[in-house]
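There are 2 protein chains.
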Amino acid sequence: MRAVILSIGSELVTGLSLDTHSADIARVCSALGIEVVRHETVDDDAPAIAAVFRRAAAAADFVIATGGLGPTLDDCTREALAEAMGVALEMNAEALAHLEGWSKTRGKPLSDSNRRQAMLPRGAGVLPNPIGTAVGIAARVGSAQVYVMPGVPSEFRRMLDAEVLPRLRAASPGRATVVRTIRTQGVPESIVGERLADLMVPRRSPHVGTAVHGGMIDVHIYASGAPDEVAALLEADARVVCERLGDAVFGEGDTRLEETVAALLAGRRKTLAVAESCTGGLIAAKLVNVPGISTYFLEGVVAYSNESKVRTLGVSEALIRAHGAVSEPVARAMAEGVRVRSGADLAVAVTGIAGPGGGTSEKPVGTVWFAVADAARTEAARELVLGDRGHIRERAANYALNLLRLWLLRK
Amino acid sequence: MRAVILSIGSELVTGLSLDTHSADIARVCSALGIEVVRHETVDDDAPAIAAVFRRAAAAADFVIATGGLGPTLDDCTREALAEAMGVALEMNAEALAHLEGWSKTRGKPLSDSNRRQAMLPRGAGVLPNPIGTAVGIAARVGSAQVYVMPGVPSEFRRMLDAEVLPRLRAASPGRATVVRTIRTQGVPESIVGERLADLMVPRRSPHVGTAVHGGMIDVHIYASGAPDEVAALLEADARVVCERLGDAVFGEGDTRLEETVAALLAGRRKTLAVAESCTGGLIAAKLVNVPGISTYFLEGVVAYSNESKVRTLGVSEALIRAHGAVSEPVARAMAEGVRVRSGADLAVAVTGIAGPGGGTSEKPVGTVWFAVADAARTEAARELVLGDRGHIRERAANYALNLLRLWLLRK
């Protein structure tokens, strides 16, 4: 089984936006053992898109496309698909019902431009979109099955998982390329590479490689073959990787560091409070993105100003004057202050210099102090994080979450 | 002048790595007024790549490719290009001299696999690569000029800027494609489309299109031509777009909503505090990412638990019992509470149901209450935000920032 992936949009073909959907679709196809022949990115131009649909349909069993399903006149994927199918556009009853339901829920009348989104090629099926106005399309061009999804990232992601993936799986053969990802934090990439050197040799199967995201190192292990054999091969490698990287491993697959922290808090029945200066709410925002965290995460304070550190966290003004806001004593006082204020078992605090200004030779941009406190004791750590402002904040937030994780592991 | 962009590699076509080179090349082409017809991503497979080279050469003046120039056997772009040109591979003296120089500098003998990298199609030219072993290739297929660059990001980037860009500029006709982006929040895409319908007709110049990010609608305006004329055309359209979309427009280009809010706070010398429940620190995190915000952003409280709303924000328990934590009175009390606590001029509060659980028929998942308060008055607004948890939080944060922006505009 073979697939061609299309992405449609002026902003993509001109490079104004980066296409990440094609890679997402390609990974789904690969995982199902469907060979991806090529990706193509084309402009919002109906005749050109129609030609690409026909060429793709001649080369593959599946043509999977994204983009150009919006309500505005530059969106012409529906027209192009109808042209490639050699049929007319017509009002699709199911799509219209979806749009009418959508506008009813919002208490707003259905606009003419939204009504355009229900005009589908005759004979095409609807892929439901519960979170947007653009329904997806299932159709045939020649002997190929075509799926078209919206370009809006959240709508695309959901439709890929809920609608397209199951259809591809039902049609896919018994061979798969499987990837396992071991996620780590706290060990540099060069050390990970040294510890795994014998696994990372070229053309070994499974293939073992590393990738860096926000200061965290992911170890990818992949192999192709019959699903059972592949699973056993990957399991053996995954075990070796976890053993060699020890407590730097915080999870597998898509697991986020904050999810691991949330699971540890739940397992140990500990409540948490967070005091943030340079990370400005990022730690809280990450934690709150874990469903069910409200039982354990009691409160966050973004104490960006010194006044807020004093008034809300109870840090003494004298301490800030003596050591500066970015210092070990202030980090400790912030953690202790937010713990007492919130009544939580555990607290973490971060104070640092995210730049671009504010650095000195003694405390350069990227200097960040962390503290973790419970009722019995407070521990502090310093880290120099390199990068731009956003980068420093992201890494500092991950560093803080990792301190919490290691603290909870030791309990 | 037209270009087709190719990217070559198994890791790209399977989605394991994300192709960012094509977007980089597309931006260079667009800036020089070279129209990008399409991008294609293909596997390391010589006959398939040769076919794609020929098809691309028939459709464009330039074919710009990356990848498949490495020393290992899976790299076959050189063979494929020779096949597309209808010539043999031969040892290229300039490429060999480069490789010999490279190995000499490193004090290592030249390996056979590296020597393969000097085998180029007969008649092809060399694009120097001072930072890697893979030289680039300049060649002709039919009437098209072909450039091939290595896929290694640093080598690609350097060769694009130092070798390919000057050649494209020399061939480009004093024309440029210029893009202006008008950023909006608060008006749905269908309404934007209706207000701009006469500008968004296919094949009009400038081309006007929309794209959605985190609930915000960007209007892109592009045109090609002599730089001065293009600038005047875009200015005229930008003025019309801004006029028709009114105060939904918050900025141009890369401007983020929080930057506009920060500029308004600075302009009006107003300090701000934020109380967040479902957005969990995301509003604070966005604000803190604006350099210099510390003068205006005094404090954020992530009051995720009811206890925190009561203790830190002074919301009365009776109010929460009577109306629920997600309600207009609680949103108002949170805004007023954090304003008083922090001593800020202005405060914004958000409380909502981000899901997946917690929704009821009366208050479904996605129900979010917002409030903005100053010393004189408090205003509240409700919004039903659809999507998954992350999506609801992102959109709710943007909605809150937009309420602040509109409030500050009216001052």
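Listed in order, the protein sequences are those of chains A and B. First residue of the first sequence: 1, per this note's numbering; consecutive thereafter. First residue of the second sequence: 412, per this note's numbering; consecutive thereafter. Cβ atoms here follow ideal geometry from the backbone N, Cα and C, with glycine treated the same way.
7 Å Cβ cut-off: residues of chain B touching residue i
{"i": "L16 (chain A)", "result": "V590 and H631"}
{"i": "S305 (chain A)", "result": "S705, L709 and E710"}
{"i": "D24 (chain A)", "result": "G426"}
{"i": "S113 (chain A)", "result": "S601, G604 and E605"}
{"i": "E83 (chain A)", "result": "Under the 7 Å cutoff, chain B gives no residues; its nearest Cβ is about 14 Å from E83 (chain A)."}
{"i": "R2 (chain A)", "result": "None at all; the shortest Cβ gap to chain B is about 11 Å."}
{"i": "V36 (chain A)", "result": "V424 and T425"}
{"i": "S30 (chain A)", "result": "T425 and G426"}
Own chain residues within Cβ distance below 6 Å of residue i, not counting five before or after
{"i": "A124 (chain A)", "result": "I137 and A139"}
{"i": "S403 (chain A)", "result": "Reading the sequence as shown, one finds Leu at residue 403 (chain A) and not Ser. Excluding residues within five positions, the ones whose Cβ falls inside 6 Å are F370 and V372."}
{"i": "V448 (chain B)", "result": "R413, V415, A470 and A471"}
{"i": "A792 (chain B)", "result": "F781"}
{"i": "V365 (chain A)", "result": "I353, G355 and G359"}
{"i": "N92 (chain A)", "result": "A118 and L120"}
{"i": "I628 (chain B)", "result": "T595, E600, V603 and T621"}
{"i": "L287 (chain A)", "result": "E258, I293 and F297"}
{"i": "I34 (chain A)", "result": "M1, A3 and S172"}
{"i": "G416 (chain A)", "result": "No information on residue 416 (chain A) is available, as it lies outside the stretch 1 to 411 that chain A covers here."}
Proximity test, residue i beta-carbon vs the ligand HEM heavy atom, cut-off 8 Å
{"i": "R377 (chain A)", "result": "You won't find the ligand HEM in this model; it holds no ligand whatsoever."}
Interface partners of residue i on chain A, CB under 8 Å
{"i": "M611 (chain B)", "result": "T72, L73 and D74"}
{"i": "L795 (chain B)", "result": "T105 and R106"}
{"i": "R804 (chain B)", "result": "A285, V288 and N289"}
{"i": "E490 (chain B)", "result": "In chain order: nothing, as chain A lies at least about 18 Å away."}
Integer Cβ distance of residue i from residue j, believed to fall under 8 Å
{"i": "T706 (chain B)", "j": "E747 (chain B)", "result": "Not quite, the Cβ-Cβ distance comes to about 23 Å (not below 8 Å), so this is no contact."}
{"i": "A695 (chain B)", "j": "V761 (chain B)", "result": "With 8 Å as the limit, A695 (chain B) and V761 (chain B) do not qualify as a contact, their Cβ atoms being about 11 Å apart."}
{"i": "A829 (chain B)", "j": "V13 (chain A)", "result": "The requested residue 829 (chain B) is not part of the displayed model; chain B covers only 412 to 822."}
{"i": "C278 (chain A)", "j": "A354 (chain A)", "result": "4 Å"}
{"i": "Q845 (chain B)", "j": "A545 (chain B)", "result": "Residue coverage of chain B in this structure runs from 412 to 822, which leaves residue 845 (chain B) outside it and unanswerable."}
{"i": "H618 (chain B)", "j": "S10 (chain A)", "result": "7 Å"}
{"i": "R268 (chain A)", "j": "L408 (chain A)", "result": "6 Å"}
{"i": "V824 (chain B)", "j": "G711 (chain B)", "result": "Not covered by the structure: residue 824 (chain B). The range shown for chain B is 412 to 822."}
{"i": "E100 (chain A)", "j": "L89 (chain A)", "result": "Actually they are not in contact, since the Cβ atoms of E100 (chain A) and L89 (chain A) sit about 18 Å apart, beyond 8 Å."}
{"i": "T488 (chain B)", "j": "V559 (chain B)", "result": "6 Å"}
{"i": "L417 (chain B)", "j": "A467 (chain B)", "result": "6 Å"}
{"i": "Y633 (chain B)", "j": "V590 (chain B)", "result": "5 Å"}
{"i": "S683 (chain B)", "j": "A758 (chain B)", "result": "Checking the sequence shown, residue 683 (chain B) turns out to be Leu, not Ser. The pair is a contact, with the Cβ atoms about 7 Å apart (cut-off 8 Å)."}
Under 8 Å by beta carbon: chain B residues contacting residue i
{"i": "V326 (chain A)", "result": "Chain B residues near V326 (chain A): none, gap ~12 Å exceeds 8 Å."}
{"i": "R389 (chain A)", "result": "N700 and P702"}
{"i": "I217 (chain A)", "result": "Within chain B, no residue comes near I217 (chain A); the closest Cβ sits about 16 Å away, beyond 8 Å."}
Under 9 Å by beta carbon: chain B residues contacting residue i
{"i": "S342 (chain A)", "result": "S716, E718, S719, R722 and T723"}
{"i": "T20 (chain A)", "result": "L429"}
{"i": "D44 (chain A)", "result": "P613, H618 and G620"}
Own chain residues within Cβ distance below 7 Å of residue i, not counting five before or after
{"i": "A48 (chain A)", "result": "V42"}
{"i": "A677 (chain B)", "result": "Y707"}
{"i": "G664 (chain B)", "result": "T592"}
{"i": "W446 (chain A)", "result": "Past the boundaries of the shown model lies residue 446 (chain A); chain A is included only from 1 to 411, so the question cannot be answered."}
{"i": "D247 (chain A)", "result": "L406 and L409"}
{"i": "A636 (chain B)", "result": "Residue 636 (chain B) is actually Gly in this sequence, not Ala. So the list reads R586, once near-sequence residues are dropped."}
{"i": "G70 (chain A)", "result": "A134"}
Chain-ordered neighbours of residue i on chain D, where CB pairs are closer than 8 Å
{"i": "R321 (chain A)", "result": "The structure shown has no chain D; the protein chains it does contain are A and B."}
Partners in chain A for residue i, counting only beta-carbon separations shorter than 9 Å
{"i": "R438 (chain B)", "result": "T14, G15 and L16"}
{"i": "E451 (chain B)", "result": "R38, H39, E40 and T41"}
{"i": "A608 (chain B)", "result": "T72, L73 and S113"}
For this session: Flag this pair as touching only if the region 601-613 of chain B and the region 568-585 of chain B have three or more C-beta atom pairs under 8 Å; answer yes or no.
Result: no
Problem set entry | Contact residues within the region 568-579 of chain B, judged by C-beta distance below 7 Å to chain A | none
Problem set entry | the region 327-338 of chain A contacting the region 259-268 of chain A, beta-carbon criterion three pairs below 8 Å | no
For this session: Would you list, in chain order, the members of the region 665-695 of chain B that have their beta-carbon closer than 8 Å to a beta-carbon of chain A?
Result: V685, E687, C689, T690, G691, G692, L693, I694 and A695
Exercise. When you check each C-beta in the region 768-787 of chain B against every C-beta of chain A, which residues fall closer than 8 Å?
Worked result: G768
Problem set entry | Inter-stretch contact (C-beta, 8 Å, three-pair minimum) for the region 476-486 of chain B and the region 452-464 of chain B | yes
Exercise. What residues in the region 139-155 of chain A have a beta carbon less than 7 Å from any beta carbon of chain B?
Worked result: V152 and S154
For this session: Select from the region 630-659 of chain B all residues with a C-beta closer than 9 Å to any C-beta belonging to chain A, and list them in chain order.
Result: H631 and Y633
For this session: Could you tell me whether the region 608-621 of chain B touches the region 565-582 of chain B, using the rule of 3 or more Cβ pairs below 8 Å?
Result: no
For this session: Could you say if the region 308-315 of chain A and the region 725-732 of chain B meet the contact criterion of at least three C-beta pairs nearer than 8 Å?
Result: no
Exercise. Looking at chain B, which residues of the region 121-138 of chain A have a Cβ within less than 7 Å of any of its Cβ atoms?
Worked result: I131
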